[in-house]
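Q:
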Amino acid sequence: MDRRITLLLLLLLAATVTIGAGAQGPIPSARDGFRAKRVPHQPGFRVFIVPDMEGMGSAVDSREVLAGNEGAAYRDRSSPDYWDRFRLLLTKEVNATIRGARIAGARSFVVNEGHGGNLFANVLPWDLDSAAILVRGFPKPLLMITGLDSTFGTVMFTGAHANAGSPGVMAHNFAFDAFTVNGRTLNEVGINALIAGEMGVSVSMVSGDDVLVEETKQMLGNGVIGVVVKRAVGRSAAITYSPAHVRQLLQVAAAEAVRRELRGDFKPFTLERPYRIELTMRRSYADSVVTAVAGLQEFKLERVGDRTFRLVTNSAREMGYLLDAIEDVVLR
Amino acid sequence: MVALAIAPWILAAQDRPATPPVQAAPRDTTPPAAYFGVTEYQLARQKLELDMQRGGFTVYIIADMEGLAAAVRNATEMRPENRGGTPQHQRFRQELTDEVNALIAGARSAGATQFIVNEGHGGTLFRNVLPELLDSAAILIRGYPKPIVMSTGINPMVDAMMIVGAHANAGSPGVIAHNFAFDSFTVNGHVLNEAGIAAFIGGEMGVPMALAAGDDALTAETREMLGPIETVTVKTVFSRAAAAGLSPAVVHRLLRVGAARAVRRVKAGELKPLTFAKPYQVRFCLRRSYDDWVRATVGGLNGVRADGGPGCYAYTTESAELVGNLLNEVEWTVLKP
Chain A
265 MDRRITLLLL
275 LLLAATVTIG
285 AGAQGPIPSA
295 RDGFRAKRVP
305 HQPGFRVFIV
315 PDMEGMGSAV
325 DSREVLAGNE
335 GAAYRDRSSP
345 DYWDRFRLLL
355 TKEVNATIRG
365 ARIAGARSFV
375 VNEGHGGNLF
385 ANVLPWDLDS
395 AAILVRGFPK
405 PLLMITGLDS
415 TFGTVMFTGA
425 HANAGSPGVM
435 AHNFAFDAFT
445 VNGRTLNEVG
455 INALIAGEMG
465 VSVSMVSGDD
475 VLVEETKQML
485 GNGVIGVVVK
495 RAVGRSAAIT
505 YSPAHVRQLL
515 QVAAAEAVRR
525 ELRGDFKPFT
535 LERPYRIELT
545 MRRSYADSVV
555 TAVAGLQEFK
565 LERVGDRTFR
575 LVTNSAREMG
585 YLLDAIEDVV
595 LR
Chain B
6 MVALAIAPWI
16 LAAQDRPATP
26 PVQAAPRDTT
36 PPAAYFGVTE
46 YQLARQKLEL
56 DMQRGGFTVY
66 IIADMEGLAA
76 AVRNATEMRP
86 ENRGGTPQHQ
96 RFRQELTDEV
106 NALIAGARSA
116 GATQFIVNEG
126 HGGTLFRNVL
136 PELLDSAAIL
146 IRGYPKPIVM
156 STGINPMVDA
166 MMIVGAHANA
176 GSPGVIAHNF
186 AFDSFTVNGH
196 VLNEAGIAAF
206 IGGEMGVPMA
216 LAAGDDALTA
226 ETREMLGPIE
236 TVTVKTVFSR
246 AAAAGLSPAV
256 VHRLLRVGAA
266 RAVRRVKAGE
276 LKPLTFAKPY
286 QVRFCLRRSY
296 DDWVRATVGG
306 LNGVRADGGP
316 GCYAYTTESA
326 ELVGNLLNEV
336 EWTVLKP
């Protein structure tokens with residue numbers, strides 16, 4: 265899609281959302297101000313990187329990706345002796361991705377923490393490639409895709425994990441047992457690809473275990489480059505490779521991704537509007553969580569089942585805002 | 006493997022605390038709630054085969070911890086802090102990684118080209134080797150639960166198995182001696198320790214166990230079970246929690262030399278796979294210290310039948326891999342994440 269048309273659409277959508285919010289009640293929250301913000305502009309080809317942790321090389325257990333401070337439910341699901349080590353591995357994976365992209369000509373890098381462990385603050389800022397802008401912390405307007413706009417050339421997901429119910433390592437999908445748009449099942453990469461697609465930005469690379477790579481390729485259907493950094497042999501066990509080898513794979517794949525993106529090989533991921541979004545909250549959550557989600561005033565959520573909600577919207581961005589709001593309920 | 010049920014009184018007898026001992030929390034006796042999905046064992050094997058090159062010489066290394074150089078005490082050295090251990094465990098993770106790297110270096114010098122490392126110590130849920138410090142040529146299988154526990158993915162493309170940090174059998178006079186969750190385990194009447202069980206599963210694939218490293222009790226009993234394989238004795242046992250150990254630096258040198266010799270001997274056809282007549286008659290007794298619900302759960306597993314006393318069972322099968330699968334089920338019963 266032409267960038268200008270995209271921009272125009274976005275402005276229109278933003279106006280719709282604002283008016284919609286106005287109709288709910290005249291509360292101009294700080295949120296609206298944050299949602300309008302952009303990361304500083306940089307010249308050259310821009311790469312947006314979303315590092316998650318479950319799909320990193322070597323990681324197999326929740327204790328390796330949680331800090332233990334994410335809320336009561338996670339208090340005993342952590343082990344700092346493990347999590348600390350994996351923060352450094354995570355940072356090095358991102359650096360390898362940046363290195364590869366740079367070799368192929370990319371000049372601007374925004375890294376948006378995609379992992380809720382330690383409330384979206386896992387990358388080590390002092391060890392991250394100094395060219396990168398790092399979006400960290402929580403809550404943030406579009407959660408895993410916060411900071412993306414139409415000036416970016418491509419999106420890459422590293423350390424991504426398979427969908428809830430898939431036989432992948434630490435497989436899950438935000439706070440959901442199921443998430444569909446227009447009847448199509450989306451994993452976390454798919455959901456964020458849709459938001460990016462609406463901005464005219466395509467996903468060029470995704471890394472994770474073999475299950476994640478397979479399902480994401482099918483979901484996006486745009487020839488996205490998949491990097492298998494481990495093979496799942498259980499929900500918490502995998503065949504893994506040397507972190508040095510994984511970084512090499514990521515570097516080569518990121519370079520290839522930028523080259524092919526510059527040739528226009530990847531189509532942005534789009535679905536027909538209006539989006540009919542259906543989400544089912546995880547069975548393991550307390551009823552109070554479901555009640556709190558039902559009570560989210562900003563969104564016109566329709567409850568269509570015990571734990572299932574429907575949202576019909578013309579804006580994938582609104583879907584992103586909803587994810588942030590739900591995550592806020594869950595991690596509170 | 007994990008030493009799960011060292012009875013508190015044994016530890017109490019070994020420790021002489023200056024302060025009155027803290028009342029230990031009562032043992033968790035509830036069965037595990039949800040099964041953590043495990044990939045079906047044959048699919049897991051296929052996945053590993055995808056990563057293997059044909060040709061060359063492949064070594065499959067099982068990395069346990071009790072038989073590491075200098076290791077003597079389960080409570081402080083074998084467990085991480087979040088499972089009731091101490092920070093000392095981190096130093097032994099490093100030692101484990103060093104010993105595995107020594108095996109790889111030695112095997113490589115004798116012409117081995119591919120290395121698969123499978124985590125074999127459950128005290129940390131099979132996450133002990135330090136991935137960033139392991140020889141970068143190696144594939145590392147880690148996490149819990151995983152199919153066939155200590156022999157995940159073993160297949161006929163492997164040329165030799167080795168076990169490092171191994172410990173003596175349950176009832177043997179070794180450091181932290183035990184055998185999975187069993188007081189005894191036999192196949193066709195042959196007593197097997199953990200190294201022997203791995204050799205049995207590998208043996209069906211035509212893969213010989215070529216080297217075992219651990220204390221003197223482990224190396225002696227394993228040679229008895231498997232014949233004159235390469236062994237590296239890293240310490241001489243003085244009690245269940247005491248030993249006279251060689252310097253880790255010396256142990257690393259012995260492991261390099263031993264691994265090189267093991268590869269040469271396999272190439273020369275001197276070391277044969279361990280094989281038994283089919284069907285395999287497996288008999289085992291669970292540790293007496295386990296609660297009734299453990300016996301009830303294991304006794305209810307598919308194909309397991311009661312045999313000679315409480316906690317003792319028999320299992321008949323044509324497939325050693327299925328025995329490995331059974332081990333995973335038993336582990337899952339007694340070892341909670």
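Heads up: the sequence lines are chains A and B, in that order.
If you read the first sequence in the numbering used here, its first letter stands for residue 265, the second for the next number, and so on.
If you read the second sequence in the numbering used here, its first letter stands for residue 6, the second for the next number, and so on.
Even for Gly, the Cβ is constructed at its ideal location relative to N, Cα and C.
None of the values given here were measured: they were computed from a predicted structure.
1. With DSSP as the reference, identify every bridge partner of A:A396, one or two as the case may be.
2. Just the C-alpha distance for B:V134 and A:R537, rounded to the nearest angstrom, thanks.
3. Can you tell me which of B:L145, B:A200, B:V268, B:Q93 puts its alpha carbon nearest to the alpha carbon of B:A175?
4. Note down the Cα distance separating B:N87 from A:T534, rounded to an integer number of angstroms.
5. Could you have a look at B:A265 and say whether DSSP puts it in helix, strand or coil?
6. Could you tell me whether the region 382 to 396 of chain A touches the region 480 to 491 of chain A, using the rule of 3 or more Cβ pairs below 8 Å?
7. Quick one: Cα of B:A222 to Cα of B:T241, how far?
8. Under DSSP, the beta strand (DSSP E) around B:E235 begins and ends at which residues?
9. Please name the residue, chosen from A:S548, A:T572, A:R524, that lies closest to A:A370 on a Cα-to-Cα basis.
10. Excluding the 5 residues flanking A:L398 on each side, which residues of the same chain have their C-beta closer than 7 Å to its C-beta?
11. Do you know how far the Cα of B:F131 is from the Cα of A:R495?
12. Determine the chain A residues that contact B:Q95 at a beta-carbon separation under 7 Å, and present them in chain order.
13. On a CA-only basis, which of A:G297, A:A460, A:R448, A:D296 is nearest A:K531? Give me that one, please.
14. Answer with buried or exposed for A:S394, where buried requires no fewer than 16 other C-beta atoms within 10 angstroms of its C-beta.
15. Three or more C-beta pairs closer than 8 Å, one from the region 411 to 431 of chain A and one from the region 551 to 569 of chain A: is that the case here?
16. Rank B:T338, B:A203, B:M230, B:N333 by C-alpha distance to the C-alpha of B:T44 and give the top, closest one.
17. Taking C-beta pairs closer than 7 Å, name the residues in chain A that B:E4 reaches, listed in chain order.
18. For B:G274 and B:F190, I'd like the C-alpha separation in whole angstroms.
19. Whole angstroms are fine: how far does the CA of B:P253 sit from the CA of B:L260?
20. Could you check what DSSP says for B:G148 in three-state terms: helix, strand or coil?
21. Between the alpha carbons of A:V492 and A:D473, how many angstroms are there, rounded?
22. By a C-beta neighbour count over all protein chains shown, 10 Å radius and 16 as the cutoff for buried, is B:W337 buried or exposed?
23. Using a Cβ-Cβ distance under 9 Å, would A:S322 count as near chain B?
24. Keeping to the same chain, check which residues put their C-beta closer than 8 Å to that of A:E591; ignore five residues upstream and five downstream.
25. Compute the beta-carbon to beta-carbon distance between A:P315 and A:G411, rounded to the nearest angstrom, for a pair I have assumed lies under 8 Å.
26. Does the pairing of the region 137 to 150 of chain B with the region 117 to 127 of chain B give three or more beta-carbon distances under 8 Å?
27. Can you find a CB in chain B that lies within less than 9 Å of the CB of A:T418?
28. Let me make sure I understand the geometry here. Which of A:R299, A:S326, A:D345, A:G429 has the alpha-carbon closest to that of A:R547?
29. For a contact defined as C-beta to C-beta under 9 Å, what are the partners of B:E86 on chain A?
30. For B:A325 and A:R596, what's the separation of their Cα atoms in angstroms?
31. Is there at least one Cβ from chain A nearer than 9 Å to B:V43's Cβ?
32. For the region 426 to 446 of chain A, which residues have a CB atom closer than 8 Å to at least one CB atom of chain B, in sequence order?
33. Within the continuous beta strand (DSSP E) that includes B:M214, where are the two ends?
34. Taking the beta carbon of B:L53 as the centre, do at least 16 other beta carbons fall within 10 Å, making it buried, or is it exposed?
35. Of all Cβ atoms in chain B, is any one closer than 9 Å to the Cβ of A:S471?
36. Would the region 339 to 348 of chain A count as touching the region 299 to 313 of chain A if we require 3 or more Cβ pairs under 8 Å?
A: Inspection of the coordinates gives the following:
1. In DSSP, A:A396 forms a bridge with A:F373.
2. One C-alpha to the other measures close to 50 Å.
3. Of the listed residues, the one whose Cα sits closest to B:A175 is B:A200.
4. Roughly 45 Å between the two C-alpha positions.
5. Note: B:A265 maps to helix in three-state DSSP.
6. Because the criterion of three Cβ pairs below 8 Å is not met, the region 382 to 396 of chain A and the region 480 to 491 of chain A do not touch.
7. When rounded, the distance between both Cα atoms is 8 Å.
8. Counting along the chain, the beta strand (DSSP E) containing B:E235 begins and ends at 235 to 244.
9. Selected option, being the one with the closest Cα: A:R524.
10. Sequence-distant partners of A:L398 (beyond 5 residues in either direction) whose C-beta falls short of 7 Å from its own C-beta, in its chain, are V375, V387, P389, L392.
11. A:R495 and B:F131: Cα-Cα distance of roughly 16 Å.
12. Ordered by position in chain A, the residues that pass the 7 Å Cβ test against B:Q95 are D345.
13. When only C-alpha atoms are compared, the closest one is A:A460.
14. Exposed, since its Cβ has fewer than 16 Cβ neighbours within 10 Å.
15. A contact between stretches requires three or more CB pairs, one per stretch, nearer than 8 Å, and the region 411 to 431 of chain A fails this requirement with the region 551 to 569 of chain A.
16. Nearest C-alpha to B:T44 among B:T338, B:A203, B:M230, B:N333: B:N333.
17. Because chain B in this structure spans residues 6 to 342, residue 4 of chain B falls outside the shown range and cannot be described.
18. Whole-angstrom Cα-Cα distance: 29 Å.
19. About 10 Å.
20. DSSP places B:G148 within a strand segment (E or B) once states are collapsed to three.
21. Near 5 Å, if we compare the C-alpha coordinates of A:D473 and A:V492.
22. Classification of B:W337: buried, given that the 10 Å Cβ count is 16 or more.
23. The Cβ of A:S322 sits closer than 9 Å to at least one Cβ of chain B.
24. Cβ neighbours of A:E591 beyond the five flanking positions: G380, F402, P403, L407, F438, A439.
25. The beta-carbon separation of A:P315 and A:G411, rounded to 13 Å, does not stay under the 8 Å limit for a contact.
26. Because the criterion of three Cβ pairs below 8 Å is met, the region 137 to 150 of chain B and the region 117 to 127 of chain B touch.
27. Output row for A:T418: interface = no.
28. The shortest Cα separation from A:R547 among A:R299, A:S326, A:D345, A:G429 belongs to A:G429.
29. For B:E86, the residues of chain A that pass the 9 Å Cβ criterion are S343, P344, D345, in the order they occur in the chain.
30. CA-CA distance, B:A325 to A:R596, rounds to 49 Å.
31. Taking Cβ atoms only, chain A reaches closer than 9 Å to B:V43, which makes this a yes.
32. Per Cβ criterion, the list reads P431, V433.
33. Unbroken beta strand (DSSP E) run through B:M214: 214 to 220.
34. By the 10 Å Cβ count, B:L53 comes out buried.
35. Chain B places no beta carbon closer than 9 Å to that of A:S471, leaving this residue out of the contacts.
36. Between the region 339 to 348 of chain A and the region 299 to 313 of chain A, the count of Cβ pairs shorter than 8 Å is below three; the stretches do not touch.
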